[in-house]
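Participant: Numbering (the numbering used here), first residue to last: 7 to 162.
Even glycine gets a Cβ: it sits at the ideal position worked out from N, Cα and C.
Submitted below is the structure of interest, expressed as structure tokens.
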Amino acid sequence: MIDRIIMNLFEGSNEFYDMCELTDNTIILCNNITTKSYISDLILHCEDGNIKKIAVFYNEDDKYKEPLIKVSDGGCNYYPVMSLTCGKQKIIVTLLPEVVMSKIKNPEDLWFCDGKQIYALTEFIGYKEIYNDLYKNILQGRLGTFTGEYYKEFED
């Protein structure tokens, strides 16, 4: 299981973002398709030796195993959602708040990426109250990632 991911979101930047204490049901809600695709590709291809942009650390239990990150079998890999697995761990990178609401089990599962930084729901003061009305808070833009751009593309 992946315990920690450190990634660089920008070409030529020396700034890295640390996603630590990942759960077995990690969900990353992105603000646009470019960010979602970039993060999905980074995680999926991290074992190809691209250490300059991403570093993945596994739990001590998996230290001597060779875990493989792959697109989930029977999982979804379409425009707004990418579902990845590493052993029994699932990592979902999405644009849709509906996916968050249908898959989230704990507040610790949820991460946000607005294209500039990555942050966990648990970094918000009072995150337990935010979690109680999570869907409403995401749709109102209070957590910084949902812009509604995905939905605007399909409007007439």
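(1) I need the DSSP call for ILE34, collapsed to helix, strand or coil.
(2) Go ahead and pull the three-state DSSP assignment for GLN146.
(3) Given this structure, state the Cα-to-Cα distance separating GLU104 from SER19, to the nearest angstrom.
(4) Can you have a look at CYS26 and say buried or exposed, based on whether 16 or more other CB atoms are within 10 angstroms of its CB?
(5) What would DSSP say about LEU48, mapped onto helix, strand or coil?
(6) Output yes or no for whether 8 Å exceeds the beta carbon distance between ASN31 and LYS134.
(7) From LYS59 to LEU145, what does the alpha carbon distance come to, in whole angstroms?
(8) Note down the Cα distance separating ASN37 from GLY121, rounded to an integer number of angstroms.
Facilitator: Result, derived from the coordinates:
(1) Taken through DSSP and simplified to helix, strand or coil, ILE34 comes out as strand.
(2) For GLN146, the three-state secondary structure derived from DSSP is coil.
(3) Cα to Cα, GLU104 sits roughly 32 Å from SER19.
(4) CYS26 comes out exposed.
(5) Collapsing the DSSP output to three states places LEU48 in a helix.
(6) Going by C-beta atoms, ASN31 is not nearer than 8 Å to LYS134.
(7) Distance between the alpha carbons of LYS59 and LEU145 is about 31 Å.
(8) Cα to Cα, ASN37 sits roughly 7 Å from GLY121.
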